[in-house]
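Visitor: One structure is given below, represented as structure tokens, and several questions about it will come after.
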Amino acid sequence: MHKTIAEHPTLADKFNQDEERVNWHDETLWWVRAKRDKAAHTLPEWEDLRNLASQIKHNVLSNLSEYLIQFEENALKNGIQVHWAADAQEHNAIVKSILQKHGVTQIVKSKSMLTEECHLNDYLQEEGVEVIDTDLGERIVQLAQEPPSHIVLPCIHKKKEEIGELFHLHLGTPAGNADPQFLTEAARLHLREKFLTRKIALTGVNFAVAETGEFVVCTNEGNADMGAHLADVHIACMGIEKLIPLRQHLGVFLRLLTRSATGQPITTYSSHFKKPRPDQEMHIVLVDNGRSRQLGRKDFRNSLKCIRCGACMNTCPVYRRSGGHSYHNAIAGPIGSILAPNLDMKDYADLPFASTLCGSCSNVCPVKIDIHDQLYKWRQVLVKEGHAPAAKKAAMQGMAFTFSHPAFYRMAGKTGKWFMKTTPFMVNNNFNPWYKQRDMPEPPKESFHDWYKKNRKENGHG
Amino acid sequence: MTVGLFIPCYVDQFYPKVAIATLELLEKQGLQVVYPLNQTCCGQPMANSGFEHLTQGCNNLFIQNFKEVDYIVSPSGSCVLHIKDHLHAEVGKEEAAATHIRKKIYELTEFLTDVVKVENIIARFPHKVGMHQSCHGQRGLKLSQMTELVADPFSKPEKLLRMVEGLELIDLNRKDECCGFGGTFCVTEEAVSAKMGKDRVKDHLEHGAEYITGADMSCLMHLEGILRRQNSKVQVKHIAEILNSYA
Numbered sequence: 001m002h003k004t005i006a007e008h009p010t011l012a013d014k015f016n017q018d019e020e021r022v023n024w025h026d027e028t029l030w031w032v033r034a035k036r037d038k039a040a041h042t043l044p045e046w047e048d049l050r051n052l053a054s055q056i057k058h059n060v061l062s063n064l065s066e067y068l069i070q071f072e073e074n075a076l077k078n079g080i081q082v083h084w085a086a087d088a089q090e091h092n093a094i095v096k097s098i099l100q101k102h103g104v105t106q107i108v109k110s111k112s113m114l115t116e117e118c119h120l121n122d123y124l125q126e127e128g129v130e131v132i133d134t135d136l137g138e139r140i141v142q143l144a145q146e147p148p149s150h151i152v153l154p155c156i157h158k159k160k161e162e163i164g165e166l167f168h169l170h171l172g173t174p175a176g177n178a179d180p181q182f183l184t185e186a187a188r189l190h191l192r193e194k195f196l197t198r199k200i201a202l203t204g205v206n207f208a209v210a211e212t213g214e215f216v217v218c219t220n221e222g223n224a225d226m227g228a229h230l231a232d233v234h235i236a237c238m239g240i241e242k243l244i245p246l247r248q249h250l251g252v253f254l255r256l257l258t259r260s261a262t263g264q265p266i267t268t269y270s271s272h273f274k275k276p277r278p279d280q281e282m283h284i285v286l287v288d289n290g291r292s293r294q295l296g297r298k299d300f301r302n303s304l305k306c307i308r309c310g311a312c313m314n315t316c317p318v319y320r321r322s323g324g325h326s327y328h329n330a331i332a333g334p335i336g337s338i339l340a341p342n343l344d345m346k347d348y349a350d351l352p353f354a355s356t357l358c359g360s361c362s363n364v365c366p367v368k369i370d371i372h373d374q375l376y377k378w379r380q381v382l383v384k385e386g387h388a389p390a391a392k393k394a395a396m397q398g399m400a401f402t403f404s405h406p407a408f409y410r411m412a413g414k415t416g417k418w419f420m421k422t423t424p425f426m427v428n429n430n431f432n433p434w435y436k437q438r439d440m441p442e443p444p445k446e447s448f449h450d451w452y453k454k455n456r457k458e459n460g461h462g
Numbered sequence: 001m002t003v004g005l006f007i008p009c010y011v012d013q014f015y016p017k018v019a020i021a022t023l024e025l026l027e028k029q030g031l032q033v034v035y036p037l038n039q040t041c042c043g044q045p046m047a048n049s050g051f052e053h054l055t056q057g058c059n060n061l062f063i064q065n066f067k068e069v070d071y072i073v074s075p076s077g078s079c080v081l082h083i084k085d086h087l088h089a090e091v092g093k094e095e096a097a098a099t100h101i102r103k104k105i106y107e108l109t110e111f112l113t114d115v116v117k118v119e120n121i122i123a124r125f126p127h128k129v130g131m132h133q134s135c136h137g138q139r140g141l142k143l144s145q146m147t148e149l150v151a152d153p154f155s156k157p158e159k160l161l162r163m164v165e166g167l168e169l170i171d172l173n174r175k176d177e178c179c180g181f182g183g184t185f186c187v188t189e190e191a192v193s194a195k196m197g198k199d200r201v202k203d204h205l206e207h208g209a210e211y212i213t214g215a216d217m218s219c220l221m222h223l224e225g226i227l228r229r230q231n232s233k234v235q236v237k238h239i240a241e242i243l244n245s246y247a
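From first to last, the protein sequence lines stand for chains B and X.
Numbering (UniProt numbering) for the first sequence: 1 to 462.
Numbering (UniProt numbering) for the second sequence: 1 to 247.
This is the structure in structure tokens:
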């Protein structure tokens, strides 16, 4: 299991050492955000669709247990084997038991953020199982032995030259060749061999339909289909919040998902899986892993509406300038910052503070999660639970006192300005994080309060 | 109608000119403006840092200062939003006054546009000006349309700026990108905050801004710090100063 107690500001500071790279990262993701805007504006009913999606998910969350049972019944009728996992460990053990039953030690896996959340790759590797990620971006980060930095664009932090180097090392492509077309072709050939020889394929799930017991997997590369269609066993892993009540609701979500994610009208492949082929086994693993706990947190339950489009990351000015890995969680960015503290408040106490609360995330969210309001609320919870640094706590107590006592506040203001004027070196030094890259404001000769007393005597009261 | 002038702590201490311009601008509209002398801070720095439970002292003070005026007006969208969303009386005490304040507090440009319904302003500022849309004013108070939404555009601050003689509003690549100030974020996440500020400044400079304006002095303070560090001639000016100037 991971247990990195690295804080966002430290990791973001490191990321910012290479400013050119930050510019490139920022512009690449802004370009995706701009594509999303363009796609959204082609639908005059966009805001209505968001409302509708949010309401459908509200219904799902309010009746989750019933929809889960309905889904299980229908899936079983379809011949799918249904498994329930309370947490990541159970999920991983269930996957391993299916592999063991078939005596398989090599599998292909399409993109699934749930398996990232459960650290399935590490687990299976320790159990002697080889997992090949078949999504191109995921395969790249897998070769680099890194986690994905974005839920939709897992290797968005890598430049094509770096990918060329990785492919040269691992797939034997010529050194120095960074042509995307060529590298994609090389990956395609490399993956084809894996698709043809692996007997078990694992996929994620984008939507599971309670009414029919089927599930839908959305990819742009067709790799999930290739894996699932060629394998004897298809294992699909999903968080329990992925349910939608009716098949007709797919029309709402499929229209929103990819427009929000990449600006495309729809994913290249939106594949429906309802029942196993003759002689095929199909398994679905329904995973809780803290979701029912989050459902019980009134202020944070809406976070479970997330359909994992990544729009909040692309629009987030902090994410764009700190990189996905600075969030040290499977799901980065604003949505990750409200999901992660539910998993572990201590490990992820820094994340709700990695935001300016600008609110852009809530505005792009296709299911209208109040992301920035939840970030604010998590801050209150985390401080009350004792996860604030002692120095910050002391500073806040000092501020609270000063601002509750007007005479003291005025005196402190005068003293502060006097110090800034007479001894600028007291504030203009590298112990002051403001001063590192910014000048301090010029202290004026008097405060507005003093000016007002002199110039508007007749109106003053209090 | 009596208008209570709420001047945020950092404006009081560092930018008295902004407060004076706000006061004069409101007085020019023939309004009776009072400035309660015992005001300090709205409490937002603590609340946004997760210490909302330490803000009751600020809240009590705010209620005492402003419970008797008809409207409260402030040249800072962020502080106004904080009061609107989070001002509460102590349990069982003066909740009616707190509710009155939450409903009647306005950011300066929305007050001029929506309450006073200003149709023309006698002001002259013959310069190229970039408008920085501060997030809390824009997305919180809805002072202008947000680029993320599929909806008709509008902008209360820009409507006012277009009344200023000689002023040329420049376009920006990213109309409503956050500047990275973010309250205590500017020091706790220094690297990202400064980078965001630099990028925000760059967008204005690339479009030929001589001045950067906005309805929130805190963002402008951050951008000013970056401009000065770069020895830039470009200056920041709060929108109240521009609307109150005749150059």
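C-beta: ideal position from N, C-alpha, C; glycine also.
Bear in mind that the values here come from a model prediction, so they are computed numbers and not experimental data.
1. List, in order along the chain, the chain X residues whose C-beta lies closer than 8 Å to that of residue 540 of chain B?
2. Cβ closer than 7 Å: which chain B residues qualify as neighbours of Phe125 of chain X?
3. Flag this pair as touching only if the stretch 396-413 of chain B and the stretch 40-58 of chain X have three or more C-beta atom pairs under 8 Å; answer yes or no.
4. Below 8 Å on the Cβ atoms is my contact criterion, and I expect Ile168 of chain X with Val129 of chain X to pass it. Report the Cβ-Cβ distance as a whole number of Å.
5. Apply the 10 Å Cβ neighbour rule to Glu119 of chain X and answer buried if 16 or more other Cβ atoms are within range, or exposed otherwise.
6. Does DSSP put Glu148 of chain X in a helix, a strand or coil?
7. Give a yes or no on contact between the stretch 200-217 of chain X and the stretch 27-34 of chain B, applying the rule of three or more CB pairs nearer than 8 Å.
8. Could you check the C-alpha separation between Ala12 of chain B and Cys186 of chain X for me, to the nearest Å?
9. Output yes if chain X places a C-beta closer than 8 Å to the C-beta of Val318 of chain B; else output no.
10. Quick check on the burial criterion: 16 or more other C-beta atoms within 10 angstroms. Buried or exposed for Glu177 of chain X?
11. Would you identify the three-state DSSP class for His222 of chain X, choosing helix, strand or coil?
12. Taking Cβ positions only, does His449 of chain B come closer than 8 Å to chain X?
13. Quickly, what does DSSP pair Gly214 of chain X with across the bridge? List them, please.
14. Are the stretch 437-454 of chain B and the stretch 216-235 of chain X touching by the rule of at least three beta carbon pairs closer than 8 Å?
15. If you draw a straight line from the alpha carbon of Ile239 of chain X to that of Thr134 of chain B, how long is it in whole angstroms?
16. Could you give the residue range of the alpha helix (DSSP H) that holds residue 469 of chain B?
17. Can you pull the chain X neighbours of Tyr409 of chain B, defined as C-beta to C-beta under 8 Å?
18. Measure from the alpha carbon of Thr212 of chain B to the alpha carbon of each residue in B:Gln106, B:Leu64, B:Asn78, then state which is nearest.
19. Quick check on the DSSP output: the alpha helix (DSSP H) that includes Asp122 of chain B runs from which residue to which?
20. Note down, in chain order, each residue of its chain lying with its Cβ closer than 6 Å to the Cβ of Lys67 of chain X, except the 5 sequence neighbours on either side.
21. Along chain X, which residues have their Cβ under 7 Å away from the Cβ of Asp439 of chain B?
22. For the beta strand (DSSP E) that contains Cys186 of chain X, what are its first and last residues?
23. How big is the Cα-Cα spacing for Gln89 of chain B and Leu68 of chain B?
24. May I ask you to list, following chain order, the residues of the stretch 180-194 of chain X that have a beta carbon less than 9 Å from some beta carbon of chain B?
25. Rounded C-beta distance between Gly137 of chain X and Gln44 of chain X? I'm assuming under 8 Å.
26. Let me make sure I understand the geometry here. Which of B:Lys368, B:Phe273, B:Lys298 has the alpha-carbon closest to that of Gln55 of chain B?
27. Can you list, in chain order, the residues of its chain whose CB lies under 7 Å from that of Ile207 of chain B, leaving out five sequence neighbours each side?
28. How far does the alpha helix (DSSP H) with Met46 of chain X in it reach, from first residue to last?
29. Closest Cβ-Cβ distance between Arg102 of chain X and chain B: below 8 Å?
30. Look up Phe300 of chain B in the DSSP assignment and say whether it is helix, strand or coil.
31. Kindly list the residues whose CB is nearer than 6 Å to the CB of Ile83 of chain X, restricted to its own chain and excluding five residues on each side of it in sequence; keep chain order.
32. Excluding the 5 residues flanking Ser155 of chain X on each side, which residues of the same chain have their C-beta closer than 6 Å to its C-beta?
33. For Ala6 of chain B, which option in B:Val152, B:Ser326, B:Ala394, B:Lys57 has the closest C-alpha, if you only look at C-alpha atoms?
34. List the residues that DSSP assigns as beta-bridge partners of Glu81 of chain B.
35. In three-state DSSP terms, what is Thr197 of chain B?
36. Just the chain A side, please: which residues come within less than 8 Å of Val150 of chain X by C-beta, in chain order?
Guide: According to the structure shown:
1. Within the shown structure, residues of chain B are numbered from 1 to 462, placing residue 540 of chain B beyond reach of any answer.
2. Working through the second sequence from its first residue, we reach residue 125 of chain X at position 125. The contacting residues do not exist; Phe125 of chain X stays about 21 Å from chain B at best.
3. A contact is defined here as three or more CB-CB pairs under 8 Å, and the stretch 396-413 of chain B meets this definition with respect to the stretch 40-58 of chain X.
4. The residue you call residue 168 of chain X lines up with position 168 of the second sequence. The residue you call residue 129 of chain X lines up with position 129 of the second sequence. As written in the sequence, residue 168 of chain X is Glu, which differs from the Ile given in the question. With a Cβ gap of about 7 Å, Glu168 of chain X and Val129 of chain X count as contacting.
5. Numbered from 1 along the second sequence, position 119 holds the residue referred to as residue 119 of chain X. Exposed, since its Cβ has fewer than 16 Cβ neighbours within 10 Å.
6. As a position in the second sequence, residue 148 of chain X is number 148, starting the count at 1. Correct three-state label for Glu148 of chain X: coil.
7. Short answer: they don't touch.
8. The residue given as residue 12 of chain B occupies position 12 in the first sequence. The residue given as residue 186 of chain X occupies position 186 in the second sequence. Looking at the two C-alpha atoms, the distance is approximately 13 Å.
9. Counting from one through the first sequence, the residue named residue 318 of chain B turns up at place 318. Yes, Val318 of chain B counts as interfacial toward chain X.
10. The residue you call residue 177 of chain X lines up with position 177 of the second sequence. It is buried - the Cβ of Glu177 of chain X has at least 16 other Cβ atoms within 10 Å.
11. In the second sequence, the residue the question calls residue 222 of chain X occupies position 222. In the structure shown, His222 of chain X sits in a helix (DSSP, three-state: H, G or I).
12. Numbered from 1 along the first sequence, position 449 holds the residue referred to as residue 449 of chain B. Interface residue, yes.
13. Indexing the second sequence from 1 puts residue 214 of chain X at position 214. Gly214 of chain X is bridged to X:His132, X:His238.
14. yes
15. Taking the first residue of the second sequence as position 1, residue 239 of chain X is located at position 239. Taking the first residue of the first sequence as position 1, residue 134 of chain B is located at position 134. So the two alpha carbons sit approximately 54 Å from each other.
16. Nothing in the structure corresponds to residue 469 of chain B, since chain B is present only between 1 and 462.
17. One-based indexing of the first sequence puts residue 409 of chain B at position 409. Here the neighbours are Cys9, Thr40, Cys41.
18. Sequence index remark: in the first sequence, residue 212 of chain B carries index 212 (1-based). With distances taken between Cα atoms, Thr212 of chain B lies closest to B:Asn78.
19. As a position in the first sequence, residue 122 of chain B is number 122, starting the count at 1. Run containing Asp122 of chain B: 120-126, per the alpha helix (DSSP H) assignment.
20. Locating residue 67 of chain X in the second sequence gives position 67, counting from the first residue. The answer, listed in chain order, is Ala97.
21. Locating residue 439 of chain B in the first sequence gives position 439, where the first residue counts as 1. Those are Gly225, Arg228, Arg229, listed as they occur along chain X.
22. Position 186 of the second sequence, counted from the start, is the residue given in the question as residue 186 of chain X. Per DSSP, Cys186 of chain X belongs to no beta strand (DSSP E); it is in the alpha helix (DSSP H), 185-188.
23. As a working mapping, residue 89 of chain B is identified with position 89 in the first sequence. As a working mapping, residue 68 of chain B is identified with position 68 in the first sequence. About 21 Å.
24. Gly180, Phe181, Gly182, Gly183, Thr184, Phe185, Cys186, Val187, Thr188, Glu189, Glu190, Ala191, Val192, Ser193, Ala194
25. Numbered from its first residue, the second sequence carries residue 137 of chain X at position 137. Numbered from its first residue, the second sequence carries residue 44 of chain X at position 44. Not confirmed; about 13 Å, so no contact.
26. By one-based count along the first sequence, residue 55 of chain B stands at place 55. The option with the nearest alpha carbon to Gln55 of chain B is B:Lys368.
27. Here residue 207 of chain B is taken as the residue at index 207 of the first sequence, counted from 1. Note on residue identity: the sequence assigns Phe, not Ile, to residue 207 of chain B. Once the five neighbours on either side are set aside, the close Cβ partners of Phe207 of chain B are Phe215, Val216, Lys242, Ile244, Leu250, Phe253.
28. Here residue 46 of chain X is taken as the residue at index 46 of the second sequence, counted from 1. Counting along the chain, the alpha helix (DSSP H) containing Met46 of chain X begins and ends at 44-48.
29. Taking the first residue of the second sequence as 1, we reach residue 102 of chain X at position 102. By this cut-off, Arg102 of chain X is not an interface position.
30. Residue 300 of chain B sits at position 300 when you count from the first residue of the first sequence. Three-state DSSP puts Phe300 of chain B in coil, outside helix and strand.
31. One-based indexing of the second sequence puts residue 83 of chain X at position 83. Only Cys42, Ile105 meet the Cβ criterion.
32. Along the second sequence, one-based indexing puts residue 155 of chain X at 155. Excluding sequence neighbours, Ser155 of chain X sits near Ser144.
33. As a working mapping, residue 6 of chain B is identified with position 6 in the first sequence. Of B:Val152, B:Ser326, B:Ala394, B:Lys57, the residue nearest in Cα terms is B:Ser326.
34. Position 81 of the first sequence, counted from the start, is the residue given in the question as residue 81 of chain B. The identity of residue 81 of chain B in the sequence shown is Gln, whereas the question assumes Glu. Gln81 of chain B is bridged to B:His283.
35. What you label residue 197 of chain B is simply residue 197 of the first sequence in a count that begins at 1. Thr197 of chain B: helix per DSSP, three-state reduction.
36. Considering every chain present, this structure includes no chain A. Its protein chains are B and X.
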